[in-house]
Amino acid sequence: MELKNMVALVSRTGRHLQRYERGCRQVVGCIPYRIKLANKATLVDEDSLEVLVITAQRKGKGVLFPKGGWETDEDIFEAAERETVEEAGVVGDVQKFLGHWNFENQNKESFMFAMLVREQLEFWPEQDKRQRIWMSVAEARKECKQKWMKDALENLVKWLTDEAPLASSSPSQERRSNL
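Each residue of the sequence shown is one higher than the one before, starting from 1439 at the first, in my numbering.
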């Protein structure tokens, strides 16, 4: 998705292109992250990691990771990137598949990815509906109320601290192999 060339980006609305599988709405999203370079370490440590959360549209519902409907005219990676731009106003590289969660009570199936943020946009489609907040992993653990969010966060931290050399992975190589 070439976001730089778009004059105006507005959130998609409606569900006429929405994907469903076995009666479940398909939802995708990302945990946007950045790495603070406090030292010259070659591996990421938890203290150098920040994640981006957004406020829920409904007051009192806390913070969320950006996610939304996967539509029939896009692949899963394009959908994850689009939802993150629409809701959080960041552009980045969709990387590691972090997990899959079923929400049977909501007839929803969710897929989450890591996104290394390259750019934070000044204007984005849902800026009047949401706030974005960068926070440490420790803060995110406290703020994330839902189990799936905690699980996705832990999967991100484990991947980055156990496996990932500092910003050396190529998203084009990883995209297809991580699902």
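For each residue, glycine too, the CB sits at the ideal point set by N, CA and C.
Euclidean distance between Cα positions of residue i and residue j
| i | j | result |
| --- | --- | --- |
| D1566 | E1557 | 19 Å |
| D1589 | F1561 | 30 Å |
| L1490 | R1460 | 31 Å |
| K1442 | L1502 | Annotation note: pLDDT 48 at K1442 (below 50); position unreliable, no value reported. |
| E1592 | G1500 | 19 Å |
| K1583 | I1514 | 25 Å |
| K1630 | D1511 | Outside the displayed span of the chain (1439 to 1617) sits residue 1630, for which this structure offers no information. |
| W1572 | E1488 | 6 Å |
| L1455 | A1517 | 12 Å |
| R1579 | R1570 | 16 Å |
| S1548 | K1534 | 15 Å |
| Q1495 | E1581 | 16 Å |
| K1497 | V1575 | 23 Å |
| E1484 | L1559 | 25 Å |
| M1587 | E1577 | 13 Å |
| D1600 | T1493 | 29 Å |
Assumed close pair residue i, residue j - CB separation to whole angstroms, cut-off 8 Å
| i | j | result |
| --- | --- | --- |
| E1525 | R1568 | 6 Å |
| V1465 | G1506 | 6 Å |
| G1537 | M1553 | Incorrect: roughly 14 Å between the Cβ atoms, too far for contact. |
| W1508 | R1457 | 5 Å |
| R1463 | K1585 | Not quite, the Cβ-Cβ distance comes to about 19 Å (not below 8 Å), so this is no contact. |
| R1482 | L1598 | Note that residue 1482 corresponds to Val in the displayed sequence, not to Arg. That pair is a contact at about 4 Å. |
Cutoff 6 Å; reference residue i; Cβ partners in own chain excluding five residues on either side
| i | result |
| --- | --- |
| F1541 | none |
| Q1611 | Note that Q1611 has pLDDT 41, beneath the 50 cutoff, so the model's placement of it is unreliable and the number below is only indicative. Nothing listed; no residue qualifies. |
Start-to-end residues for the alpha helix (DSSP H) that takes in residue i
| i | result |
| --- | --- |
| F1515 | I1514 to A1526 |
| W1597 | K1585 to D1600 |
Close beta carbons around residue i, own chain, < 7 Å, minus the five adjacent residues each side
| i | result |
| --- | --- |
| E1521 | V1466, G1467, P1504, K1505 and G1506 |
Extent of the continuous beta strand (DSSP E) to which residue i belongs
| i | result |
| --- | --- |
| E1557 | K1546 to Q1558 |
| R1579 | First-last for R1579: V1575 to E1581, but that is the alpha helix (DSSP H), not the beta strand (DSSP E). |
| P1470 | C1462 to I1473 |
Spatial neighbours of residue i in its chain, beta-carbon cut-off 8 Å, leaving aside the 5 residues before and after
| i | result |
| --- | --- |
| V1555 | P1470, Y1471, R1472, L1490, V1528, V1529 and G1530 |
- Query: What are the complete beta strand (DSSP E) segments, minimum 3 residues, inside the region 1483–1516?
  - Reply: Whole beta strand (DSSP E) segments, 3+ residues: 1487–1493 and 1505–1507.
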